[in-house]
Structure formats: C-alpha cells, structure tokens
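What follows is a single structure, written as structure tokens, with notes after it.
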Ligand SMILES: Nc1nc2c(ncn2[C@@H]2O[C@H](COP(=O)(O)OP(=O)(O)OP(=O)(O)O)[C@@H](O)[C@H]2O)c(=O)[nH]1
Ligand SMILES: [Mg+2]
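In my numbering, the protein residues as written are 494 to 692.
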C-alpha cells in the first residue's frame with residue numbers, strides 16, 4: 494500500500510498495468526515516458542524483454558504535485574502478460590495502490606482478456622486482497638484494429654464486478670487514451686490516500 498512519510502511530506506504510490514500478453518501495457522508506459530516533461534522524468538527501466546514480450550517487468554517513476562503539500566512519487570509497473578510468468582506477476586502486483594487493466598480489443602483475444610482478469614483477481618486474493626477494494630480502471634486498447642470487439646461486449650466481459658468501474662478506449666501506439674487513463678487512476682488512488690490520511 495502507499496508509503497506515506499508525513500515527516501518528509503512524501504507519498505509513494507504504485508500503479509500496476511495488468512492484462513494479457515501483447516495487450517499493450519509496455520506501449521502505454523513507453524508513451525508516458527516519451528511525453529513527460531524533463532523535470533519530472535526519470536529513466537524507464539525495462540527488465541528483460543524478448544521482442545515485444547516483457548519477461549520481467551517495466552518500471553517508470555514519475556514525480557508529481559497532485560497531492561497538495563506532498564511530493565508524490567508515482568511508480569508505474571507493467572506485468573508480463575504471458576500466461577507462464579505468473580510468479581513474476583504476483584511479485585509485481587504486491588503492494589499495488591491502483592491497477593490499470595489493459596484489455597486487447599481484438600476479437601480473437603477475448604478469452605485471454607477474461608482469463609487474465611480472473612488471474613488478477615486470483616493473485617490478489619492469494620494475498621488476501623479483494624479487487625473491489627483497490628482502485629482500478631479498464632483500458633480497452635487497440636481500438637484501431639479492424640476486428641475490434643464492441644465496447645458493450647468488452648464491458649459485458651470485464652466490467653461486471655460489484656460496481657462498474659471507469660473504462661476507456663485507447664490506441665496506445667498513438668497515445669490515444671493513455672493519459673486519460675493515467676489521470677483517472679491517479680485521481681482515484683489519490684482520493685483513497687487522502688481518505689486514509691484523514692482516518
Ligand atoms: N494496432 C495496435 N497495436 C498496438 C496497440 N498497442 C500496442 N500495440 C502493439 O502490440 C504489441 C504488443 O505491445 P506491448 O506493449 O509490448 O504488449 P504488452 O502488454 O506489454 O505484452 P507483454 O509484455 O507480453 O505482456 C506491440 O507490437 C505494440 O506495438 C494499439 O493500440 N494498436
Ligand atoms: Mg510488456
């Protein structure tokens with residue numbers, strides 16, 4: 494959970510991009526990295542990749558002033574989506590304050606989306622955490638491809654927990670939707686932290 498250092502007025506927040514292999518998680522971080530202005534930019538670290546495939550994780554730290562009076566450090570991570578890397582996914586997921594589930598809109602990938610979403614819930618539960626207790630949003634990526642599933646269908650498959658969560662269309666390769674998603678999950682996480690600070 495978020496590390497809040499009241500003395501140093503510093504908050505560290507972890508946001509994890511989760512989803513099936515090749516859905517576009519790393520592409521989101523690459524776009525964010527490219528677009529963030531110099532003073533808040535630190536290097537993005539990609540730990541082991543093979544082609545497009547993430548074998549371990551990507552890490553992008555950003556400093557922001559979204560929490561009044563605090564220096565907020567946002568740490569963005571991606572998990573490796575390929576089914577066989579579940580041990581790594583569990584590790585990367587630990588301590589997440591917010592999750593962006595990046596779904597692949599491609600028609601043929603819908604079972605992979607559903608399986609990955611179930612895997613997310615399962616991995617959280619193994620740590621005693623219910624997905625509904627963590628701020629998360631859905632990113633429906635690859636809206637540019639011809640055989641993209643309809644948004645209603647993606648919502649039907651993935652947005653069916655106890656309450657509906659915000660969902661966004663994206664084309665990560667063009668940066669479409671990427672900052673909308675990041676801003677939204679940031680606001681949700683910050684709202685929760687401010688509530689926790691008050692309590
Ligand atoms: N057409 C299209 N291709 C995309 C989009 N986003 C990502 N891609 C492509 O999809 C491929 C996989 O993207 P990555 O970002 O590496 O996927 P990932 O989710 O990190 O995959 P893993 O690391 O294996 O879990 C790359 O070739 C991207 O260029 C998109 O919005 N539209
Ligand atoms: Mg990746």
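Note that the Cβ used here is the ideal one computed from N, Cα and C, for glycine as well.
Nothing here was measured: the structure is a model prediction, and the numbers come from that model.
I need the straight-line Cα distance from residue i to residue j, nearest angstrom please.
i	j	result
residue 685	residue 505	13 Å
residue 632	residue 676	12 Å
residue 596	residue 516	6 Å
residue 616	residue 523	26 Å
residue 553	residue 507	10 Å
residue 544	residue 519	12 Å
residue 607	residue 651	7 Å
residue 707	residue 667	Given a span of 494 to 692 for the chain in the structure shown, any question on residue 707 remains unanswerable.
residue 690	residue 503	12 Å
residue 548	residue 646	30 Å
residue 641	residue 673	20 Å
Compare the beta carbon distance of residue i and residue j with 7 Å and say whether it is the shorter of the two.
i	j	result
residue 521	residue 665	yes
residue 683	residue 509	no
residue 582	residue 572	yes
residue 655	residue 692	no
residue 599	residue 638	yes
residue 620	residue 495	no
residue 629	residue 585	no
Can you pull the DSSP bridge partners for residue i?
i	result
residue 551	539, 571
residue 497	504
residue 595	632
residue 681	Beta-bridge pairing links residue 681 to no other residue.
Rounded C-beta distance between residue i and residue j? I'm assuming under 8 Å.
i	j	result
residue 574	residue 514	4 Å
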